[in-house]
Ligand code: ADP
């Protein structure tokens, strides 16, 4: 267990929910847009529960083999290497499938028997089934596809988890997060949070994703390290949001009025 204590500002009852999900061996799904603290929360909880955390960032090529394990050739021998899911199941770690909807469908099939009363993993290449360790926990995150471009998670898969929704924190808490994460001055933190909320409310811009807490933290870090405020806001908040020249101009004008 590392000495590093993850900083996470509690928003609601998420800590209790997670702890009870762990105690009752029920998998948990954390829903919400990118950059809203989902991963940080899971780090924080695994630290609190004193459990090892194994994270897999899922993408469209992520397959069950990547999770379960594979044979590799070493010299004249063929040896089996456990994948991260198998390691977590054996050791009793928390396995975090970040952006589970992005993974290939065989990943969902592979975790099936781990997400119900059986709590076992079938390793087809070895022809064996292993029982999960008492403390094994499955956690997944998912970005609901309100906007185009995000993959959906099947309802039958969602129903294998209890679920929590994450969103952008209220201004007061988001300001505290910026200060804690970057030591930026209160006034600047407030300005950045105001910009974030202003852009979040501009639904007519049709942005695929809007300003996340992560982008605000990045802007605050640049300002803290001495980059001018407007430039920091431009490169950390505006440019990552859109490539559309007119939207860039409009957002730039708006931010320059606010910082
Ligand atoms: P997600 O997994 O939802 O994409 P992260 O957990 O990586 O997002 O959060 C992005 C950043 O936002 C973190 O690195 C942290 O700086 C900040 N953050 C967001 N919410 C919180 C919170 N409640 N407490 C502390 N930091 C937060």
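In the numbering used here, the protein residues as written are 11 to 269.
Just so you know, even glycine gets a beta-carbon here, dropped at the ideal spot from N, CA and C.
- In this structure, residue 94 sits near residue 64, with a CB-CB distance shorter than 7 Å.
- Only residues of its own chain outside the window of five on either side were considered, and among them 234 have a CB closer than 7 Å to the CB of residue 193, listed in chain order.
- Distance between residue 197 and residue 54, taken at the CA atoms: about 28 Å.
- Here the distance from the Cβ of residue 200 to the nearest heavy atom of the ligand ADP is not below 6 Å.
- Annotation for residue 222: 43, 44, 45, 46 place their beta carbon closer than 7 Å to its own, counting only its chain and skipping 5 residues before and after.
- Relative to the ligand ADP, the beta carbon of residue 23 is positioned no closer than 6 Å to any heavy atom.
- Residue pairing from DSSP leaves residue 86 without any beta-bridge partner.
- A straight line joining the alpha-carbon of residue 81 with that of residue 41 spans about 34 Å.
- Judged by DSSP secondary structure, residue 35 falls outside any alpha helix (DSSP H); it is assigned neither H nor E.
- Taking C-beta atoms under 8 Å as the contact rule, residue 175 and residue 131 fail to qualify, at a distance of about 28 Å.
- Of all C-beta pairs linking the region 134-143 to the region 19-33, fewer than three are shorter than 8 Å, placing the two stretches out of contact.
- For the region 70-135, the continuous alpha helix (DSSP H) assignments of 4+ residues that do not extend past its boundaries occur at 74-78, 94-101, 115-121, in sequence order.
- Just so you know, the alpha carbons of residue 68 and residue 28 end up roughly 21 Å apart.
- The three-state reading of DSSP puts residue 166 in helix, counting H, G and I together.
- Taking 6 Å as the cut-off, the C-beta of residue 61 does not count as close to any heavy atom of the ligand ADP.
- Linking residue 88 to residue 106 through their CA atoms gives a straight-line distance of about 29 Å.
- Any heavy atom of the ligand ADP within less than 5 Å of a residue's beta carbon puts that residue on the list, which reads 18, 19, 44, 45, 46, 47, 48, 49, 50, 187, 191, 223, 224, 227.
- Here residue 199 is buried: its Cβ has 16 or more other Cβ atoms, across all protein chains shown, within 10 Å.
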